[in-house]
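**Student:**
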Amino acid sequence: MKRNLAILIAIIGLALFLGGRFVFFTVSEMEQAIITEFGQPLGTAITKAGLHFKLPWRTAHFLPNRILRWDGNPREIVTKDKKYIFVDTTARWRIVDPLKFFVSVRNETGAYARLDGIIDSVVRNNITEHLLLELVRTNKQPLSTVDDEAADFEAVKEEEVAMTYGRDEIMAQVHKEIHDETLKVFGIEVLDVKIKQVNYIEEVRKKVYERMISERNRIAEKYRSEGQGEKAKILGAMEKELKRIDSEAYRKAKEIEGTADAESTKIYAEAFNRDPEFYAFYRTLQAYRSMQPHQIKLLMSSNNELFRYLDKSSR
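Per the working numbering, residue 986 is the first one in the sequence shown, and the count goes up by one each step.
1) Which term fits Val1141, buried or exposed, when burial requires 16 or more other beta carbons within 10 angstroms of its beta carbon?
2) Any idea if Ala1030 is buried or exposed, counting beta-carbon neighbours within 10 angstroms, 16 or more meaning buried?
3) Below 8 Å CB to CB, which residues in the same chain sit around Leu1084 once its five sequence neighbours on both sides are set aside?
4) Is Thr1269 helix, strand or coil by DSSP?
5) Given this structure, state the Cα-to-Cα distance separating Val1088 from Lys1181, to the nearest angstrom.
6) Would you please state the rounded distance, in angstroms, between the beta carbons of Arg1091 and Ile1052? I believe it to be under 8 Å.
7) What are the start and end residues of the beta strand (DSSP E) that includes Pro1049?
8) So, at 8 Å on beta carbons, what are the nonlocal neighbours of Val1121 in its own chain, with the 5 sequence-adjacent residues on each side left out?
9) For Leu1036, does the three-state DSSP call read helix, strand or coil?
10) Check this for me: beta carbons of Met1015 and Asn1058, under 8 Å apart or not?
11) Are the segment 1035-1049 and the segment 1007-1014 touching, with three or more C-beta to C-beta distances below 8 Å?
12) Quick check on this structure: which residue in Gln1017, Arg1043, Thr1113 has the alpha carbon closest to the alpha carbon of Thr1064?
13) According to the Cβ coordinates, are Tyr1069 and Tyr1208 closer than 8 Å?
14) Helix, strand or coil: which one does DSSP assign to Lys1067?
15) Taking all protein chains shown into account, do 16 or more other C-beta atoms lie within 10 angstroms of the C-beta of Leu1100, making it buried, or fewer, making it exposed?
16) If you draw a straight line from the alpha carbon of Phe1071 to that of Leu1116, how long is it in whole angstroms?
17) Give the single residue among Asp1246, Glu1224, Thr1075 whose Cα lies nearest to the Cα of Ile1103.
18) How about Val1159 and Val1107: are their beta carbons less than 8 Å apart?
19) State the beta-bridge partners of Arg1079 as determined by DSSP.
20) Go ahead and pull the three-state DSSP assignment for Asp1073.
Here you go:
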């Protein structure tokens, strides 16, 4: 008897356990649930966390109750000024009308498929209506300062481009269009849409890099030319200073030489005045010494003054 009772209790417990799985369900803080009966949703969504009851033939469908992220693939887009670029976008969204969401897309996979088409289409349509400069600038205000050497490598001057939008305004328009459509049709609230990256396509990027290199080389050549000019200016100033110093030294040397010659002449004059005869004799001896027999040949009369002392010595 006891054995049969135990078996009965076990069977009842197992039935309650198995039945409970089809009758009770738990909703976490990050979930919300839709109850369907034979595929048709019933009532409103269950958003309160905890243990809930349903009839066994009904099904609970769980949907995320948190902010989700959408990441698109980089798309090639042509801007209004015919620039071929890759644009990579991202968005944050959440389910605000679970019933509408479930009826229209069923689950996250369906939602992402719809978001792919909507976001890519709206982003493309808006970018094709704007200039590249508007897309990369955060606002339409003119730059406070412009460095000519660091100017945009596309050589787009601020005064030549009539900017009417900045990136923030463009993306605000993109967000509004996406938000209105997804909220109305799918019960999805798109919180924001952002551009993660804007870049040229590979072919254009290579040309841009080449243009940037050419521009850097031009600027480098400009600096080298200016450096050569400064070098020539410095060398010219140095040459001028050297000539001035050399001229000053030459002048001083001539002054010293002139003073020395004057002093020498003065000494000679004083010597001559003291003993004219001895001075004449000394100068004649100097003349004899300077006369080399193999270098100079003179034809002179024996009465020449130069032979006066020789004639006296022979006597």
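Even glycine gets a Cβ: it sits at the ideal position worked out from N, Cα and C.
**Tutor:** In short:
1) With a pLDDT of 44 at Val1141, under the threshold of 50, the modelled position of that residue is not reliable, and the figure given next carries that caveat. It is exposed - the Cβ of Val1141 has fewer than 16 other Cβ atoms within 10 Å.
2) buried
3) Ile1019, Pro1026, Thr1029, Ala1030, Gly1172
4) helix
5) 32 Å
6) Not a contact, Cβ separation roughly 20 Å.
7) 1043-1049
8) Listed in chain order, the non-local C-beta contacts of Val1121 below 8 Å within the same chain comprise Arg1152, Val1183, local neighbours out to five positions each way being set aside.
9) strand
10) Met1015 is not a Cβ neighbour of Asn1058, given a cutoff of 8 Å.
11) By the Cβ rule, the segment 1035-1049 counts as touching the segment 1007-1014, because three or more pairs are nearer than 8 Å.
12) It is Thr1113.
13) Pairing Tyr1069 with Tyr1208 gives a Cβ-Cβ distance that is not under 8 Å.
14) In this structure, Lys1067 counts as coil in the three-state DSSP scheme.
15) buried
16) 14 Å
17) Ranking the options by Cα distance to Ile1103, first place goes to Thr1075.
18) Against a cut-off of 8 Å, the Cβ pair of Val1107 and Val1159 comes out as a contact.
19) DSSP output for Arg1079 lists Glu1174 as bridge partner(s).
20) strand
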